[in-house]
Amino acid sequence: MTVTAATTGAPAPSPEHPHLAVPPRNFKTPIVLSVLALLTFVVFGLLGDASDVTFRLSDANDAVPLAPLVVPSQLFCIVLGVLSLLLTAFAYVQAVRRRGVPLWVSLVVGAFFVVALFASVGAGNSVPVVFILTGAIGLSTAVIFGSLAGVIGERVGVANIAIEGQLLAGAFVSAVVASVTDSLFLGLIAAMIGGALVSMVLAVFSLRYVVDQIVVGVVLNVLVIGLTNFFYSAVLADNAETFNFPGTLPYLPIPLLSDIPVLGPVLFNQRITTYVMFLLVPTVWFVLFKTRWGLRIRAVGEHPLAADTVGINVNRTRFWTVTIAGTIAGFGGAALTLGSVGAFVREMSAGQGFIALAAVILGRWNPWLAAVAALLFGFSRNFRIWAGQIGSPIPADLIAMTPYVVTLIAVSVLVGRAVAPAAVGKPYIKE
Amino acid sequence: MTTDSSIKAQPRANQLLAEVLKGSVLRTVLAILLAFVVGSLLIIFTNERVIASAGYFFGRPGDLLSAAATAVGQAYSALFRGSIYNYNSSTLEGAIRPLTETLRFSAPLIAGGLGVALSFRVGMFNIGAQGQLLVGAGFAAFASYQLHLPYGIHLIVALLFGFVGAGFWAAIVGLLKAYTGAHEVIVTIMLNYIAISLITYLMRTPVLHPPDGSNNPITIAPDPSAVLPKILGDAFDLHLGFVLALVAVAIYWWLMERSTIGFRLRMVGINPDAARTAGINVNRVYIIAMIASGLFIGLAAGNQALGRGGSFTPSIDSGIGFDSITVALLGGSRALGVLGAGLLFGAMKAGGPAMQAADVAPEVLGVVQGLIVLFIAAPPLIRTIFHLPGRPGRGGSPRPTRKPGAPVMDPLPAVVDDAAVGADAAPTHAASSTASATSSAGGHGSPGGDPSGTASGITGEGANR
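Here you go:
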């Protein structure tokens, strides 16, 4: 069963079985890394701006003020570029020796690239680190919830294209219920129910009526967009104070922890929706990979016939697992309204459900990696906002394009074939 | 599942008749009807007069009912006036103008729907019509004012640019799927976003942007020689695009039902492994299919870019990309089905403003569209609701119309199901029991007994991820 360990790559041929075929050398990762490293070294370094860049690590009113970090942009990028090139060389060596490239190498090279990007764009300016990180988390909250729902769904063998609809349903229902009942808590509960209902429709149609899951997902998105648009313009728009004025969840700073420099304001001064997200990522991972229930879920997603043989009710497991995934996505929808702007706006999920879907695949069906991938999208969106504010020479539209290009490359080059749970998208029909 | 190959395929005429009587046509009509009923309920429950009269329902129940009837009547009569025939108009031109508007709106939907439908038939899910349309529109716009050619030739060249743009954007999907195994759903979604950013960027640069110094993304208006000519005189906006869409329907029908390429495309769609075994280069078929799909969407792009004769912004897509998917699903990926679905959705687009004027939120039509496709996609559901015959299997349990390993796409494997389910069900229902199976495809699919049953272990969709 392919689970998590796909990242380490192929092992070296074992000495006791010399007759076994050696795995082919795989240069995909090193090639991608060398592109990143060269960009860091040449574009941001050699061709970069020589002026200073200021990394602002804390605000003036923070408990523990940190001095801003001032470095010459060009030199800094050259150093990062050289380090990236060294790591890339190591990756090539690993590939020649038919070993996998460790994940940390890719992550470090990627991180260096991002830091160099900030240092280069922010040359002669300052980089507000806390603002950028907080904004990134804020912008990716809904995507992370959606990607967790996607991971759970695909692990149990149901392709969930309807994440977009679940987010939107959650956002709509939470705003309306919280406005009408005047209770943000009830709004959150309602969001979960809303997401679950969309999931249940998906489950009923794909499991009971065996309609193609992608088709149902796409149609459900159309349906939820249509329904929310209709109710928005028929009811909400004219009676905003009654139906669309829920307010926002308060920030809940955690004592002491929120005073830690940089990390404190980023991680420990957030809304309840964000804290739930922080807890949910490890929880989903634990449930999927460390519990009996998770094993059943994965068994159903990988080999439903085998799961059925040992007495697991495949379709019932799928139904309830997908429903739970829907509650998670619905909750993520509430993060868009109650956890952010405090009102429902037409089609406010704006494709984030599709981004979540990409994060699922980019994250190789692993909750941790999917969350990281989702964070990457939020990060790049926030980067675009910041770059627009300081008047970056790089056109904003091209920056906006970057995460999608990265995903495209990653999906086609790095992820490759046959990583998904084997039975995704296939209905199971008992003979 | 048992497969009894002794049951022969019925003569085509019988199948067609059975289908009309019990099968997909009736079911489609019922699905549309049901969707409009649900839409009526939405209109009723949000109507102010209905809500007001609900307060004294037990005192005068008639008020509520009449208010509800009025609300629904006004909404749908407005839709009719806006999309088919405006009986309030004093002139003939004004009266039939809505119909021409419906045809105008349906042209890009038909073309785009054909493109998406073609990918469905090959077992690929092209969600990227939006991006392909944008790139095609950008290309067409570029040719429409940067090149200065004589009348006739200019229009053809501009349309060709649209084909090239959309075909190129779609070809990326096919190439990535063929050579890296990347799943086309994710690739097309990403390419949609990339196309939006890219075209928006180009609309800010001199490539597409007029030299007026502003930074708003917009194109230059096309030369008059590159605009699709109006076909009913200046009183109507209907232009050549609709005729081209009809031509595209004919080409699509010939391509998919009669040509060798189409046979290969369908074969891969039904079972890529069997096709590979039979010597078809499946990867090449994926690439060809995506390019062909992009070419049809390129017609929708040309229609959008050259149809109105004005400049346009990145919102030129106006939802056609995604509507194409629903059109293709509703049309069962068949030429005539897509034509009908495109006309229906075009009518809804044309009728929206009239509904708005009648104080009904036209967004209800979005719900109706979604519901229609949802109902169509689940034949057993409609059968259950209306107690239609033709449900295969035992007892009351709606037996699924698909085998475990059958290909995943719904509109495609109907052919497979036809053979398989037909064997299960009573012979009289053989043809009617599946969604969109029609005679000609069944004729190709069934002679080998059960083409999917034997090699059904691994299918393309999941394994290629």
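Sequence order for the protein chains is X and E. First residue of the first sequence? That's 5 in my numbering, and the numbers climb one at a time after it. First residue of the second sequence? That's 23 in my numbering, and the numbers climb one at a time after it. Ideal Cβ placement from N, Cα and C applies to all residues, glycine included. Please read these numbers as outputs of a predicted model, since none were measured by experiment.
- For D401(X), no beta strand (DSSP E) encloses it; the enclosing alpha helix (DSSP H) starts and ends at 400-413.
- One finds nothing in chain E with a Cβ atom closer than 7 Å to the Cβ of N164(X); even the nearest lies about 12 Å away.
- Assigned with DSSP and collapsed to three states, H176(E) falls in helix.
- Contact of G95(E) with chain X by beta-carbon distance below 8 Å is absent, the smallest such distance being about 17 Å.
- Of all C-beta pairs linking the stretch 302-312 of chain E to the stretch 197-211 of chain E, three or more are shorter than 8 Å, placing the two stretches in contact.
- When DSSP states are grouped into helix, strand and coil, L253(X) belongs to the coil group.
- Segment contact: the stretch 38-45 of chain X against the stretch 89-102 of chain X, three or more CB-CB distances shorter than 8 Å; contact assigned.
- DSSP places F59(X) in the strand class (E or B) of the three-state scheme.
- Spanning the alpha carbons of D245(E) and A207(X) requires a straight line of approximately 52 Å.
- Residues of chain E with a Cβ closer than 8 Å to the Cβ of P399(X) are, in chain order, Y223, R226.
- Fewer than three Cβ pairs drawn from the stretch 167-186 of chain E and the stretch 288-295 of chain E lie within less than 8 Å of each other, which leaves the two stretches out of contact.
- With a cutoff of 8 Å on beta-carbon distance, L171(X) and G357(X) are scored as near each other.
- Contact annotation: in the stretch 341-361 of chain X, residues whose CB is within less than 8 Å of a CB in chain E are G355, F358, L361.
- Contact of Q391(E) with chain X is assigned, a C-beta pair being separated by under 8 Å.
- Taking P76(X) as the centre and dropping the five residues before and after it, the same chain places the C-beta of A54, D56 closer than 7 Å to its C-beta, in chain order.
- The criterion of a C-beta distance shorter than 8 Å is satisfied by V266(X) and L61(X).
- Inter-residue distance for G85(X) and M352(X) is about 39 Å (C-alpha atoms, whole angstroms).
- Here T33(X) is buried. Its C-beta has 16 or more other C-beta atoms within 10 Å.
- Taking C-alpha positions only, V304(X) is separated from V228(X) by approximately 28 Å.
- Taking 9 Å as the Cβ-Cβ cut-off, the stretch 146-164 of chain E approaches chain X at F147, I149, given in chain order.
- Taking C-beta separations shorter than 7 Å and ignoring five residues to either side along the sequence, the partners of F323(X) in its chain run A207, L211, following chain order.
- At a Cβ-Cβ threshold of 8 Å, I283(E) and A133(E) do not count as neighbours.
- In this chain, the alpha helix (DSSP H) harbouring S99(E) covers 83-105.
- Contacts with chain E at 8 Å (Cβ-Cβ) include L227(X).
- The three-state secondary structure of P294(E), taken from DSSP, is helix.
- Neighbours of P402(E) across chain X, judged by C-beta separation under 7 Å: Y213.
- Between A424(X) and I148(X), the gap from beta carbon to beta carbon reaches 8 Å or more.
- With fewer than 16 other Cβ atoms inside 10 Å of its own Cβ, L73(X) counts as exposed.
- For L73(X), the enclosing beta strand (DSSP E) begins and ends at 73-76.
- Closer than 8 Å to the CB of M405(X) there is at least one CB belonging to chain E.
- Judged by DSSP in its simplified three-state form, V270(X) adopts helix.
- Distance from the CA of A57(E) to the CA of V220(X), rounded to the nearest whole angstrom, comes to 16 Å.
- Close to chain X, meaning a Cβ-Cβ distance shorter than 7 Å, are the following residues of the stretch 41-71 of chain E: L64, T68.
- Residue burial annotation: G382(X) is buried, with at least 16 other C-beta atoms found within 10 angstroms of its C-beta.
- Between E115(E) and chain X, the shortest Cβ-Cβ separation is not below 8 Å.
- A straight line joining the alpha-carbon of N164(X) with that of A188(E) spans about 27 Å.
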